[in-house]
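Colleague: Each residue of the first sequence is one higher than the last, beginning at 2 in our numbering.
Beta carbons: idealized from backbone N, C-alpha and C, even for Gly.
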Amino acid sequence: MDGADDQRPAIAGRVADWYREDHRDLPWRRPGFTAWGTLVSEFMLQQTPVARVIPRLEEWLDRWPTPADLAASPAGEAVRAWANLGYPRRALWLHAAAVQITERHGGDVPRDVEALLALTGIGDYTARAVAVFSFGDRHPVVDTNTRRVIARAVHGQGQPGPPHARRDLAAMDALLPDDDGDAAVVNAAMMELGAVVCVARSPRCDECPVAELCAWRATGYPAYDGPTKGVQKAYEGSDRHVRGLIMRELRAAHVPVTDAEIASLWPESVQRDRALAGLLADGLAVRSSRGGYLLP
DNA sequence: CACACGTGGAT
DNA sequence: TATCCAAGTGT
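Okay, structure coming up:
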């Protein structure tokens, strides 16, 4: 992967050309979409598919068009509006970030990666996604899509290994052209390629703009032999499941949910109590002064 | 660093 | 039906 046979510039160039030719028309790619809109969309897109995010995003931005608008609402309203996007703590984090933006940055989403990283719920991916896609600065943006495309096209492996921030950022950075705008396109294009062509299950290599440059394809699609991801635990009957049932009840309620109502949601008291205690500890639920439980 | 954290669609 | 997967982050 060094010297004259480095295919990375060619890969980046072709993926960028492919993206410029055509790509999905997504709300956050509209001209004039605000930095706040980008930030909200990135929070929602953390582990939730694009198709489920779009309607919620529109509602959210209609209701809270600026960070200050969200900061002025109770955190529980953010959790309620989050609806069934999943991982409701993200709604809490987004609300906290809105408060921090209002307090620290005069209500304007910061441009610096360091300042973005200091906000609750923003990590390596989201900080750089905002800096690049909203502000146009040059940073590597690494998500599950780019990790997979790099693993295949550059490293010849069917799947990316376990995430390693330092290494992953460097690998993406090595694909970026010098120009800020061109680099932003490569970031977006690598994500798009991973999302619609170089997908996890059945990659559509016949439609891939870098098929002839792909190291994985060139070596006959060798089976992945690296470290495997841990086995995903069953959702049915898990603590997550019980937490989800309780949160659904809290979102629907506009008066305190009683212990009896909570008890009706899950038969095993030990697990039920553990789930509720976890939600209280996470700040997703609070005890009402009248008894019962409410969103914060 | 491995794990916990929701939810629903696809295979 | 069971499993995989989805624009990750915090601990």
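Rounding to the nearest angstrom, what Cα-Cα distance links Thr49 and Gly87 in this structure?
Modeller: What you label residue 49 is simply residue 48 of the first sequence in a count that begins at 1. What you label residue 87 is simply residue 86 of the first sequence in a count that begins at 1. Their Cα atoms are separated by approximately 7 Å.
Colleague: Quick one: is Thr39 buried, meaning 16 or more other Cβ sit within 10 Å of its Cβ, or exposed?
Modeller: Counting from one through the first sequence, the residue named residue 39 turns up at place 38. By the 10 Å Cβ count, Thr39 comes out buried.
Colleague: Could you check the C-alpha separation between Val80 and Asp274 for me, to the nearest Å?
Modeller: Translated into the one-based positions of the first sequence, residue 80 becomes position 79. Translated into the one-based positions of the first sequence, residue 274 becomes position 273. C-alpha separation (whole angstroms): 21 Å.
Colleague: Out of curiosity, what's the CA-to-CA distance linking Asp3 and Arg129?
Modeller: Locating residue 3 in the first sequence gives position 2, counting from the first residue. Locating residue 129 in the first sequence gives position 128, counting from the first residue. Low confidence applies to Asp3: its pLDDT is 49, below 50, so where it sits in the model is not reliable, and the reading given next is rough at best. Near 27 Å, if we compare the C-alpha coordinates of Arg129 and Asp3.
Colleague: For Tyr1, which three-state DSSP category applies?
Modeller: Lying outside 2 to 297, the shown extent of the chain, residue 1 is not represented and no answer is given.
Colleague: Is the segment 214-222 touching the segment 236-253 in the sense that three or more CB pairs, one from each, lie closer than 8 Å?
Modeller: These segments do not touch.
Colleague: Check whether the Cβ atoms of Gly157 and Thr220 sit closer than 7 Å, and answer yes or no.
Modeller: What you label residue 157 is simply residue 156 of the first sequence in a count that begins at 1. What you label residue 220 is simply residue 219 of the first sequence in a count that begins at 1. Yes, they are a contact pair.
Colleague: Could you tell me which residues DSSP puts in a beta bridge with Leu280?
Modeller: Here the question's residue 280 lines up with position 279 in the first sequence. According to DSSP, which records beta bridges pairwise, Leu280 is partnered with nothing at all.
Colleague: Leaving out five residues before and five after Gly77 in sequence, what residues of the same chain have Cβ atoms less than 6 Å from its Cβ?
Modeller: Within the first sequence, numbered from 1, the residue matching residue 77 stands at position 76. Closer than 6 Å at the Cβ level, and outside the excluded window around Gly77, lie Leu296, Pro297.
Colleague: Shortest alpha-carbon distance to Leu46 belongs to which of Leu58, Ala36, Trp37?
Modeller: For the purposes of this step, residue 46 is taken as the residue at position 45 of the first sequence. Closest by alpha carbon: Leu58.
Colleague: Could you check whether Leu176 and Arg9 sit closer than 7 Å to each other, using their CB atoms as the reference points?
Modeller: Taking the first sequence and counting its residues from 1, the one referred to as residue 9 is at position 8. Taking the first sequence and counting its residues from 1, the one referred to as residue 176 is at position 175. For Arg9 and Leu176, yes; Cβs fall inside 7 Å.
Colleague: Over what stretch of residues does the alpha helix (DSSP H) that includes Ala212 continue unbroken?
Modeller: Walking along the first sequence from the start, residue 212 turns up at place 211. Element bounds for Ala212: n/a, residue is neither H nor E.
Colleague: Using C-beta distances below 7 Å, list every residue in its chain close to Tyr236, excluding the 5 sequence neighbours before and after it, in chain order.
Modeller: Within the first sequence, residue 236 is the residue found at index 235, counting from 1. So the qualifying residues of the chain are His242.
Colleague: Cutting at 6 Å between CB atoms, please list the residues of its own chain near Trp65, excluding the five before and the five after it.
Modeller: Translated into the one-based positions of the first sequence, residue 65 becomes position 64. Closer than 6 Å at the Cβ level, and outside the excluded window around Trp65, lie Leu71.
Colleague: Could you tell me the distance, in whole angstroms, from the CA atom of Arg15 to the CA atom of Cys209?
Modeller: As a working mapping, residue 15 is identified with position 14 in the first sequence. As a working mapping, residue 209 is identified with position 208 in the first sequence. Their Cα atoms are separated by approximately 10 Å.
Colleague: For Val258 and Ala99, I'd like the C-alpha separation in whole angstroms.
Modeller: Reading the first sequence from its first residue, position 257 is the one you call residue 258. Reading the first sequence from its first residue, position 98 is the one you call residue 99. Distance between the alpha carbons of Val258 and Ala99 is about 28 Å.
Colleague: May I ask you to verify whether the segment 178-188 touches the segment 110-123, counting CB pairs closer than 8 Å and requiring at least 3?
Modeller: In short, these stretches do not touch, since the Cβ pair count stays below three.
Colleague: Within the same chain, show all residues whose beta-carbon is closer than 6 Å to that of Ala97, passing over the 5 residues directly before and after it, in chain order.
Modeller: Mapped onto the first sequence, residue 97 falls at position 96. Correct list, in chain order: Thr121.
Colleague: By the three-class DSSP mapping on this structure, what secondary structure does Arg288 have?
Modeller: Within the first sequence, the letter at position 287 stands for residue 288. Residue state, collapsed to three classes: strand.
Colleague: With distances taken from CA atoms, which of Val143, Phe44, Arg21 is nearest Ala92?
Modeller: By one-based count along the first sequence, residue 92 stands at place 91. Nearest option by C-alpha distance: Phe44.
Colleague: Asp207 to Arg148, Cα distance in whole Å?
Modeller: As a working mapping, residue 207 is identified with position 206 in the first sequence. As a working mapping, residue 148 is identified with position 147 in the first sequence. Taking the straight line joining both Cα atoms gives about 20 Å.
Colleague: Considering just the uninterrupted stretch of the alpha helix (DSSP H) at Ser42, what are its terminal residues?
Modeller: Numbered from 1 along the first sequence, position 41 holds the residue referred to as residue 42. From DSSP, the alpha helix (DSSP H) with Ser42 extends over 36-45.
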